Amino acid sequence: MRMKSKYLVMAGIVGIMLAVLTGCGNGAEDSGNDREEIELHEPKGTAVNTEPVRRRNLYNATVYEGAVYPYVEEYSFPVVQRFGSYGALIGDTVQKGDILVNADEEAALEKLKDLEEKLRETEEEYTEFKTKKEEELYIQNLELERLKGIVENLEEDMPEETVTDKDGKQIPNPDYAAWQSEYVRWEGERSLKDYDIQVNEEALRQHKELYQLDYEYYNSQIQELRAQRKDARVVSQISGVVVNMGYYIKGQMLARGEAVAAVADMERKYIKCGSIARRLLVNAADLYVFVNGKRYEIQYEGSDRRSTTFTFSDEENELEVGDYAVVVLKTDYREDVLTVPSDSVYQEGTAQVVYVLEEGQSIARTVETGMDDGMYVEILSGLSEGELVVSQGRRAGTEEAVLERKTRQRAYTGTGYAIMPVTTVVSNPVENGVVVSEGNLLRTNNHVSKGEALMSVRVEADELDIASRETALKRAEERLADLEAEGREEDEEDIAKRRKSIEEQEKELAEIRRDAGVTEICSPVDGFLQYLPIETGQTMEKGAMAALVADEGFACLMVDISENRTLNYGDELTISYKDHNNADQVTQCRVLTLGACGQDCYMGSDVALMSVPEEVLDELPLTDGNVYGNQIRLYRPTGYVNRMENVILVPAEAVTVQSGRTYVDVMGEDGNVMPTAFLAGGSDRDYYWVVEGLTEGMKICWE
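For what it's worth, our numbering labels the leading residue of the sequence shown as 1, then goes sequentially.
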């Protein structure tokens, strides 16, 4: 509404208005009476611009850019782990229960193997001891029964201690003395045998207790490691598509709770847009989403600091993940109210005045107004529908157009580079001796084949240690030969142990000699040489990284979206490159990650990942030439994004923006021009596209 600090003389106002509105130099005559209703006499040949009082819907509205997103679950390790390998890659379809990421279990598996070996040895040793003791006890018990029988027989045949001689006197029985001597002998042997049995039984009992303690300890350690291995796999809890993943090399530390992969259920769809204040949603007069020229009803689901989520009604299942959308939120809604152009209302202190054309005369009338949208104002009282009010009006422009439904899309050019995220760490394989690099044999980003040498090395073996081991082995073999030559049965167990010890010594010595002969470190896989951390003359620790080789079977285009987050799942862009014959080629890449509101964590927040067709992987350069170091080749993906089909487009030059609202001059069938407000979903240099307020077939004009 236009405001004036003071009210001018009525005749002056009307004269000025008529001069401005008609473009005529002749002013109107002033009646000279200062009253509320003033009769104005229009000069001959002039025309006053008027507009009828009409009913309209007035509202304030805000649109929020968004898209159709799937339900997403992000996954992490429940405990600190080291990265091992990928179970699935971005773009892969997975089922519930499929492994997404594996932790590095080499150390755990080695420990588990060692514990299982110790448990096996403990069981074998106990079983061997138990078998031996039980055999001894069996023989001892048989012997004990024999001795008991002898003693019992002696007890039954025990003679009298005394006998009567010829004189009738009791004298010692010589048979008793002989019997007693025999009885003491056999009873002693029985007692000793019984004691031997008790000793063996106690030894077996104690050995069993020790075995049970060892078994419980090793078994508990094994079960604990096996339980930990359950936490060494990130498993998808839903079926869907992998839409993001972290990029790691083997052995890289992963924090507890750090998201390493995300899976989307493409059948469970939502609308997401930038975060909307809860109070606005609660007080909204109207709320819906607009996609491909159609309105869909939505229901608030939830918000966080980055986005607001809605469920939506789509009975015909028309919307797909990645579809561009705008959420429309209306406030201060006034339905079917009387309105006049905002520029037709004048202010005198607290009074509001419009000029009504009656029988060719402009009559001032006091009105009460309500909501003002910048172009039209609500009339609460003072006017009736159909009355003509004087306004600045609009002349029919010389440019005309009929509104049509078309496809709207935004041109996009980005910056990215090709990456091969699946890598193999080539480690120093030498476990014995000092390894010194004598130089890398290839440059980074060269293609390598499985078994191809990457680095020349020399191994400085510990000759003193080798000589000492050889001497110890020779002496062990000599002692074994002596025992075998003697052929004593009691040495058989010792001989078996010595043979096993000699086998282990021979194996260790062979490994040391083998390591001493290593002259090259080779690639275990086909791929691209990505990283060479060791310089000539540098020593390498056992298991240290010698090189990093990228898997040639999977590549992505990583696009920087930190300044422009318009890319969304399913967008297709084109990149150009030169093939092996230096010929210009183009290929299409498809966005695999979700847009700005797709995920709640940091994963991929500044990058979008695009698929690279497998058929061009071997031709797509990673670098600018064959250079040493990670000098990457930049690509410029181009195409169109934020595609919206079946929407009305309005030429940008025909649109007037006032108080943040958009208007266009619509020509009626009678040729009159009426400024018409419309809600724009967005615009570019050439067009505004319409959410509501205009219809297909309308004729518009502009200067």
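Quick reminder that beta carbons are idealized off the backbone N, C-alpha and C, glycines included. Because the structure is a prediction, the values reported are computed rather than measured.
Taking a cut-off of 8 Å on C-beta distances, the region 544-559 touches the region 409-429, as three or more cross pairs fall below it. Between L192 and the set E156, L144, E182 and A232, the nearest pair of CA atoms involves L144. The three-state reading of DSSP puts R458 in strand, counting E and B together. Bounds of any alpha helix (DSSP H) do not take in N428, whose DSSP letter is neither H nor E.
Taking the CA atoms as reference points, E645 sits about 19 Å from F312. The beta carbon of W186 is closer than 8 Å to those of L147, I150, V151 and L154 in its chain, skipping five residues each way along the sequence. CA-to-CA, the gap between E116 and E189 works out to about 45 Å. Between the region 567-577 and the region 313-322 there are three or more C-beta pairs closer than 8 Å, enough to call the two in contact.
Contact between I363 and V353 does not hold, since their C-beta atoms are separated by about 10 Å, which reaches or exceeds 8 Å. According to the DSSP secondary-structure assignment, A325 is paired through a beta bridge with G66. Distance between S391 and Q588, taken at the CA atoms: about 55 Å. Of the residues T519, E201 and C701, the one whose Cα lies closest to the Cα of A461 is T519. Counting the other CB atoms within 10 Å of its CB gives P341 a total of 16 or more, which places it among the buried residues. Measuring C-alpha to C-alpha distances from Q81 to each of K230, E508 and R498 identifies K230 as the nearest. For M540, the CB contacts under 7 Å within the same chain, skipping 5 residues up- and downstream, are N428, V435, S437, I534 and A546 in chain order. Judged by DSSP secondary structure, L210 falls within the alpha helix (DSSP H) whose first and last residues are P174 to K230. Note that the C-beta distance between E385 and L338 is below 7 Å. In the displayed model, F554 falls within coil according to three-state DSSP, outside both helix and strand. Nearest in C-alpha terms to Q538, of all of A596, E484, E492 and V459, is V459. Runs of beta strand (DSSP E) with 3 or more residues, each lying fully within the region 351-422, are found at 351-358, 361-372, 376-381, 388-390, 399-402, 405-413 and 416-419, listed in chain order.
Judged by pairs of C-beta atoms under 8 Å, the region 300-314 does not touch the region 238-256, as fewer than three such pairs exist. Residue environment analysis places P613 among the exposed positions, since fewer than 16 neighbouring C-beta atoms fall within 10 angstroms of its C-beta. For Y64 and C273, the gap between their C-alpha atoms comes out near 6 Å. In this chain, the alpha helix (DSSP H) harbouring R146 covers E106 to E156. As the crow flies, the alpha-carbon of G382 is around 16 Å from that of E51. Assigned with DSSP and collapsed to three states, L532 falls in coil, not helix or strand. For T471, the uninterrupted alpha helix (DSSP H) run begins and ends at E463 to E486, by DSSP.
By alpha-carbon distance to A677, the top candidate from G246, V657 and G668 is V657. DSSP places E508 inside the alpha helix (DSSP H), whose first and last residues are E492 to A516. Just measuring C-alpha positions, the residue of E73, T122 and S307 sitting nearest E216 is T122. Residue T662 holds the alpha-carbon nearest to the alpha-carbon of Y688 among E703, T662 and I700. Per DSSP, the beta bridge partners of C589 are L573. The C-beta separation of I222 from L112 comes to about 6 Å, placing the pair in contact by the 8 Å criterion.
Under the DSSP assignment, R256 falls outside any beta strand (DSSP E); it carries neither an H nor an E label. A straight-line Cα-Cα distance of about 12 Å links I249 and N102.
Ranked by how close their Cα comes to the Cα of R295, the residues A325, G433, L617 and R643 have A325 in first place.
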